[in-house]
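Protein chains: 2
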Amino acid sequence: MANPVLVEVTRGCITESFHRAGFALVDGAGEVIESRGDILRPVFPRSAIKVFQGIPLIETGAADAYGLSDPELALACASHSGEDGHVRLAAEMLAKAGLDATVLECGCHWPFDAPVARDLARRGETPTALHNNCSGKHAGFLCTAVHMGEETRGYVGLGHPVQQRAKAVIEDLTGFDLNSDVCGTDGCAIPTFAAPLKSFAHGFGKLASGEGVAPERAAAGRRLIAACMAHPWEMSGTGRACEALMQAAPGQVFAKTGAEGVFCGALPGLGLGFALKIDDGTTRASETLAAAVIAVALRSHDPDLAARFDALANKTLRNWEKTEVGAVRAAIR
Amino acid sequence: MANPVLVEVTRGCITESFHRAGFALVDGAGEVIESRGDILRPVFPRSAIKVFQGIPLIETGAADAYGLSDPELALACASHSGEDGHVRLAAEMLAKAGLDATVLECGCHWPFDAPVARDLARRGETPTALHNNCSGKHAGFLCTAVHMGEETRGYVGLGHPVQQRAKAVIEDLTGFDLNSDVCGTDGCAIPTFAAPLKSFAHGFGKLASGEGVAPERAAAGRRLIAACMAHPWEMSGTGRACEALMQAAPGQVFAKTGAEGVFCGALPGLGLGFALKIDDGTTRASETLAAAVIAVALRSHDPDLAARFDALANKTLRNWEKTEVGAVRAAIR
């Protein structure tokens, strides 16, 4: 059965396009507080679970051994915009482990954010691996490998201890068996494992509540989540959706985008986690639905704050002459 | 009922995302040769019917009065990439009518094509209205207005004769009543009218076959279509899908993209037209499905040529390190 339409794009008096999706809002015990669509089909979480992948950076002691700052921990969980500050911070993380950008295996790409890419071009520069939106996560992987005395070369491979540790954390938090049938290769060359939305939401619910997870692991996850909430720019970039969502409720909402229309998050104060995926993989829809799901979570606890997220879930569309022509809006019925 | 999934995006052994859509392949008599999904719900055609909107440029005699070349006629039907040659050609069209870029009411935007936008930034430039992907169409509108002795100011408004002539052509070709209930504002500020996919496909079928339309109108439409097929770069840009589709079968296939996942086209030799829309408005899917629909049209007439379009309907996805990670592929069942 098709997932329901949860985001509509209007123009004039017509719904021009629409996005089908599923989402799960789950507590630490695994109880589904609210959901729509199929939340049991395995989907790739892509970058939306960088916090899970970052936990070994804390658990191995690498973060403390290298004295990583909170902005650096946020960058380790980031899909950043490749702005100058992001690039500098990633280089500093690598330097703390005695490394430089040549060891990165994430590949190069122009920053996704068009104004940032144009600024780089205007200065006559081209992107390096440090501009890759995942360079902070990779710097974290590499810090961990060096701290553990492991070979850095090939750290993106499934068999490398870096990826095996990340996989073990994801399995523990989701409670889902990550076998080779559900493995793909992510944009930045590391393995990505598919699991149900319900399982990813439960994983974030565990970290948010501390339930059903070892206290040290919960503490590691909450330390990363706190770093991201305190440093949303380091975790995303200027004007990005993750930044806007976390700035709308400082310290109360963690939200992280992933490729192909995935979004995950946590509300530590409520002990809840969420995960969503737009069937068609569109970011405009995942960002809009993330705001709406956060509003659902907050509704009965803080209606005023919920209203702030309702507003973020209804964006005006304008043409090149700035005339209002329609809207992108969540429609959770 | 939900439209069927017609485009799949795979990663590893999983279908990561999918796109639902409808399409209609129709002849000049209005007979549906092949279709999937709902082809009767009105949708905005956006830029996919620029050929319809360009017909008054021929019919009023403006194109001949100003001696517009075939590349200029292709640009009048273009969603171009804002490359230097496009910008120069649009300025030349305006100059032929004694105008310059200050009369354009389409607004400015950075070229959608990222490398083109970065080239502009690298030279320290910013986009003008001539870089707007619709500047050629607007130049055509303005040539027509000047030739007819009309005020150029406000030519984008629904009440202006330029838009009334375009609307009359669209109504004639689609056979659909374009009332205010189906009107929205397009990105470039002109009105856009919703009609069923079947009607748009029929309109292109009429132009392709010459059936059911006044001979002068059919001739005007075919002149524009021929100009586009002969000058696909002027009608799109370097590496764009419209260019690739038309270059795959020179003189046999006309194909034109539109915003929000619309694609229209014609096969003049077969007397067929097609129209499609991806429900979620995604361009990667509309480009892929367009290739597949053209393959369907060609299958029994020219299997080898059809195979060329089947190949265009199955694109390998690679990560930043150029490793194959999946595919975007049409799945018409």
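Order-wise, the sequence lines are chains A and B. In terms of this note's numbering, the numbers along the first sequence are unbroken and rise by one, the last being 333. In terms of this note's numbering, the numbers along the second sequence are unbroken and rise by one, the last being 1333. Cβ coordinates follow ideal geometry from the N, Cα and C atoms, glycine included. Quantities reported herein were computed from a predicted structural model and do not represent experimental measurements.
- Ranking A:F18, A:N3, A:L289 by CA distance to the CA of T10 of chain A puts A:F18 first.
- In this structure, L289 of chain A sits near L6 of chain A, with a CB-CB distance shorter than 9 Å.
- In terms of beta-carbon proximity, T323 of chain A lines the interface with chain B, with at least one pair separated by less than 9 Å.
- Around the beta carbon of E1072 of chain B, 16 or more other beta carbons lie within 10 angstroms, which makes this residue buried.
- Apart from sequence neighbours up to five positions away, the residues of its chain that approach E1016 of chain B with a beta-carbon distance below 6 Å are V1009, ordered along the chain.
- By the Cβ criterion, the stretch 189-200 of chain A is not in contact with the stretch 1030-1047 of chain B, since fewer than three pairs of Cβ atoms, one from each stretch, lie closer than 8 Å.
- Rounded to the nearest angstrom, the Cβ distance from C134 of chain A to C188 of chain A is 4 Å, consistent with a contact under 8 Å.
- The beta-bridge partner set that DSSP reports for N1314 of chain B consists of B:R1329.
- Per DSSP, reduced to three states, the secondary structure at P45 of chain A is coil, with no helix or strand assignment.
- In the structure shown, P196 of chain A falls within a strand segment according to DSSP collapsed to helix, strand and coil.
- Residue pairing for T323 of chain A: DSSP places it in no beta bridge.
- V7 of chain A is bridged by DSSP to A:H19, A:A330.
- Between G1237 of chain B and E1083 of chain B the beta-carbon gap is near 6 Å, inside 8 Å, which marks them as a contact.
- Following the DSSP letters along the chain, one finds S35 of chain A in no alpha helix (DSSP H) but inside the beta strand (DSSP E) bounded by residues 32-36.
- DSSP places T1185 of chain B in the uninterrupted beta strand (DSSP E) bounded by 1183-1185.
- Residue-level contact by beta carbon holds for L120 of chain A and chain B, with a gap shorter than 9 Å.
- For D1181 of chain B, at least one C-beta of chain A is nearer than 9 Å to its own C-beta.
- Here Q1247 of chain B is near P1232 of chain B, since their CB atoms are less than 9 Å apart.
- Its chain contains G82, W110, P111, T126, P127, H131 as the residues whose beta carbon lies nearer than 8 Å to that of L120 of chain A, once the 5 sequence neighbours on both sides are disregarded; these appear in chain order.
- Under the 10 Å beta carbon count, A1241 of chain B is surrounded by 16 or more other beta carbons and is classified as buried.
- For the stretch 1292-1304 of chain B, the set of positions with a beta-carbon nearer than 9 Å to some beta-carbon of chain A is empty.
- F52 of chain A: member of the alpha helix (DSSP H) spanning 50-59, first to last residue.
- For the set B:V1026, B:M1001, B:R1046, B:K1137, the Cα lying nearest the Cα of V325 of chain A is the one of B:R1046.
- With a cut-off of 8 Å on Cβ pairs, the stretch 1253-1271 of chain B is not in contact with the stretch 304-319 of chain A, counting fewer than three such pairs.
- In this structure, L57 of chain A lies away from T174 of chain A, with their beta-carbon atoms at least 9 Å apart.
- Residues of chain A whose Cβ lies closer than 8 Å to the Cβ of H1109 of chain B are, in chain order, W320.
- In the DSSP assignment, F1263 of chain B forms a beta bridge with B:T1257, B:L1276.
- If the five residues before and after D27 of chain A are omitted, its C-beta is found closer than 7 Å to the C-beta atoms of I33, G205, S209, G271, L272, all from its own chain and listed in chain order.
- In the structure shown, the three-state DSSP call for P1071 of chain B is helix.
- Taking 7 Å as the upper bound on Cβ-Cβ separation, chain A lies near residues C1106, G1107, C1108, H1109, W1110, A1114, A1117, R1118 of the stretch 1088-1118 of chain B.
- About 13 Å separates the beta carbons of A97 of chain A and G136 of chain A, which is beyond the 8 Å limit, so they are not a contact pair.
- Taking a C-beta distance under 9 Å as the contact criterion, V1051 of chain B and L1207 of chain B qualify as a contact pair.
- Counting of Cβ neighbours within 10 angstroms places G12 of chain A among the buried residues, the total reaching 16 or more.
- Sequence-distant partners of A63 of chain A (beyond 5 residues in either direction) whose C-beta falls short of 7 Å from its own C-beta, in its chain, are L57, L73.
- Ranking B:I1039, B:T1152, B:L1224, B:L1158 by CA distance to the CA of F1193 of chain B puts B:L1158 first.
- Not a single C-beta of chain A is nearer than 9 Å to the C-beta of A1220 of chain B.
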